[in-house]
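Position one of the sequence shown corresponds to residue 5 (the working numbering), numbered consecutively onward. Note that beta-carbon positions come from the ideal geometry of N, C-alpha and C, so glycine has one too.
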Amino acid sequence: MRKKQIKKTFLLLSVFLFLQTLVYAHGKSNSFYQWSYRATSIVQTLFKFPSPYQGPNSFLSRNETETVTNYIVSGRIHFLSSLTGGLDIQMTRGVGVGGGGVGLAGYVNGDVVFAGAFARTPFPARYFLQWTQPVTPDSHLVVRFGKFAVTDVFDQNLYANETNTQFLNWTFINDTAYDYAADTIGYSGGLAVSWIHPGWAFRLGIFQMPTVANGINLSTDMAHNQGDQMELDFYPRITSKLHRMTVRFLLYRNLADMGNYAESLALAQETNTIPCISCTARVGAVKYGFGINLDQPLSKDKRTGIFMRYGWNNGQTQSFVFTEADRTFSLGAQLSGKLWKIPNDYAGIALGQNDLSSVHAAYLAAGGIGTWLGDGKLNYGSERIFEVYYAHRIFSHETITLDYQKIANPGYNRDRGPVNVISLRFRITG
C-alpha cells in the first residue's frame, strides 16, 4: 500500500515537471499579467502509539502511510498601477493520517482539508481585488476585497507561516487559539484594510463565518455571523547589527451560531445525558481572543531567524473554525544552509504547547464531542509538540523536505501517545 502511494505521488509530480518545462520554454508573464503554479505532495507515516481507548474524534493509533497532494494555479492581472486582481484555482487529493484532521489541536499536516469531494476537484480558492494607494511619501494604504485567507493578511510570520515550505504542524503555521473566520478549506469572503508605514502597520478586517462549525458554506447574515480582527505591527531594533524585529499584536472577535461549554455541561447534568455543544448554540454568540507574534532575522538575507507566538481566547465559546485550542505558545528557529555551505537549503526546529480552558477540558472529560476532539473521556494534559525539518533544493524550482514530529498528550489526553510522524514533502513551483 505504501509503495503504491509513493509511486502515485512521483507520477503526479512528474506531470508537473513536464508542465514546468513547457512554461519556461514559452514564457508565462508580461507587464499586464502573471501566472504561476505549485504542487506540493506530503507523504506521512504514522507509527502506532499507546492508546487504551479512543472515541469518535480520536487521533487513531495505527501504522499508516498517507499522501496528500495540493495543487494551486495562480493568476494576477494588473488593471492599473494601483489595482490588481487575483485568482487561485486549487485542488487537494488524499487524506491525512490518524483519521484525517481530527484528534489533535496541532494536527500534523496543514494541507489536509475536510471538504471531501469538493476539494478533490478544481475550485476557485481565492478571487479578489487589491488596491494600493500612497497616502504620504513614506506610507500607503492597501485594500483587499473578495475571497481569500484571513491569514494572508493577519498573523503572518517570516519563519512559521507556510505548510508547503516550512513547518507542517498547525501549531507552527498560525496561532492555534486564533479561531479565524474561514470555510473548511481555509478561505473566507471579506475586506481587509492595511495602513503600511516604515515604522509600523495597522490592519483591520471583517470576514464571513461559516454557517456551521468547520463548514464549507459561508453565512451571508453578517449581522450575526462575522469575524472581526485588528492587528498592530511595529519593528523595534534590538541591536544595530541585526535586522529589525517584527512584533504583531492581534485582537479578534467572532459572531456565529456557536455553543457554550458551561451551558452544555449544565444541560447534560439536568438531562442525565452526554454534553452536546451544538445543543446550546445560539445566534450571534461571541468568541474573542488575542495573540502576540514576533520574528527576528539573524542574518542579512533573513533566511536565518527565530520566531515566537502566544495566543489566548475566552475558552467558553465553541471552537468553530480552526482547531480546538484556547491557549498556545510556540518558539522556534529557521537556519539557512549558508551556515553549512549549502546556501539553497534550510532547516527548522520548533517547540509548541496547546492548552484548553478548564470548562472546555471538563466538557471533553464528560464525554462531549468537539469539532476536532473527542476521545470519549479525558485525562487532561497539555498537548506538547516538537518538530524538526530539513529542506533540500534539488533543482531551481524543486525542493524535497524531510520532517519529524513528536506529540505528547495528543488531544490533551495523558492516557494516549506519544505520537511519532515522519513526513516527506515534495514541492514544485513554476
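| query | result |
| --- | --- |
| What distance in whole Å lies between the Cβ atoms of leucine 133 and leucine 1, which are believed to be in contact at a cut-off of 8 Å? | Outside the shown range of the chain (5 to 434) lies residue 1, about which nothing can therefore be said. |
| Under the rule that 16 or more other beta-carbon atoms within 10 Å means buried, what is valine 287, buried or exposed? | exposed |
| Tell me which same chain residues have a C-beta within less than 6 Å of the C-beta of valine 425, skipping the five on either side of it? | Gln48, Leu50, Val112 and Gln409 |
| Below 8 Å on the Cβ atoms is my contact criterion, and I expect alanine 329 with alanine 109 to pass it. Report the Cβ-Cβ distance as a whole number of Å. | 4 Å |
| Tell me which residues share the same chain as lysine 52 and place their Cβ nearer than 7 Å to its Cβ, disregarding the 5 neighbours each side in the sequence. | Ser65, Arg66 and Asn67 |
| Taking the runs of the beta strand (DSSP E) that are 3 residues or longer, which of them lie wholly in the stretch 144-227? | 192-201 and 204-212 |
| Compare the Cα-Cα distances from valine 157 to each of Ile189, Arg252, Arg313 and Ser55 and report the closest residue. | Arg252 |
| Between leucine 382 and asparagine 417, is the Cβ-Cβ spacing less than 7 Å? | yes |
| Pull the bridge partners of leucine 368 from the DSSP assignment, please. | Looking at the DSSP assignment, leucine 368 forms no beta bridge with any residue, so it has no partner. |
| Which residues mark the beginning and the end of the beta strand (DSSP E) in which alanine 289 is found? | 286-301 |
| Is DSSP giving alanine 329 helix, strand or coil here? | coil |
| Going by the CB atoms, is the gap between alanine 270 and valine 363 shorter than 7 Å? | no |
| Secondary structure at aspartate 419, three-state DSSP: helix, strand or coil? | coil |
| Ignoring anything shorter than 3 residues or poking outside the stretch 55-141, list the beta strand (DSSP E) runs there in chain order. | 68-82, 87-97 and 127-140 |
| Going by DSSP, what residues sit across from isoleucine 389 in a beta bridge? | Gly356 and Ile411 |
| Contact check, alanine 181 vs tryptophan 376 under 8 Å by CB: the rounded distance? | Rounded, the Cβ-Cβ distance is 14 Å, inconsistent with contact. |
| Could you check whether leucine 162 and aspartate 299 sit closer than 7 Å to each other, using their CB atoms as the reference points? | yes |
| Output needed for tyrosine 367: all residues of its chain with C-beta closer than 8 Å, excluding positions within five of it in sequence on either side, in chain order. | Tyr265, Ser268, Leu269, Pro279, Ile281 and Gly374 |
| Looking at C-alpha atoms only, which residue of Ala337, Asp92, Arg42 and Arg80 is the closest neighbour of tyrosine 191? | Asp92 |
| Identify the continuous alpha helix (DSSP H) that holds glutamine 273 and give its terminal residues. | 265-275 |
| Tell me, to the nearest whole angstrom, how far the beta carbon of valine 154 is from that of glutamine 230; I am working on the premise that it is less than 8 Å. | That pair is no contact at about 12 Å. |
| From phenylalanine 324 to leucine 360, what distance separates their C-alpha atoms? | 14 Å |
| By alpha-carbon positions, which one of Leu355, Ala272, Gln322 and Gly341 ends up nearest to arginine 313? | Leu355 |
| Our contact map puts glutamate 387 next to proline 414 with C-beta atoms below 8 Å; I'd like the distance itself, whole angstroms only. | 7 Å |
| Three-state secondary structure (DSSP) at serine 361? | coil |
| Report the rounded CA-to-CA distance for proline 126 versus asparagine 74, giving the unit in angstroms. | 10 Å |
| In whole angstroms, what separates the C-alpha of serine 334 from that of threonine 403? | 26 Å |
| Using the beta-carbon count (16 or more within 10 Å), is tyrosine 350 buried or exposed? | buried |
| Return helix, strand or coil for leucine 259, following the three-state DSSP convention. | strand |
| In whole angstroms, what separates the C-alpha of proline 422 from that of glycine 107? | 13 Å |
| Report the rounded CA-to-CA distance for aspartate 419 versus alanine 369, giving the unit in angstroms. | 12 Å |
| Measuring alpha carbon to alpha carbon, tell me which of Tyr57, Ser143 and Ser78 ends up nearest glycine 378. | Tyr57 |
| Do you know offhand how far valine 27's Cα is from arginine 148's? | Confidence at valine 27 is low in this model, with a pLDDT of 47, below 50, so the placement of that residue should be treated as unreliable; the coordinate-derived value is given next. Distance between the alpha carbons of valine 27 and arginine 148: 29 Å. |
| Going by the CB atoms, is the gap between glycine 380 and glycine 90 shorter than 7 Å? | no |
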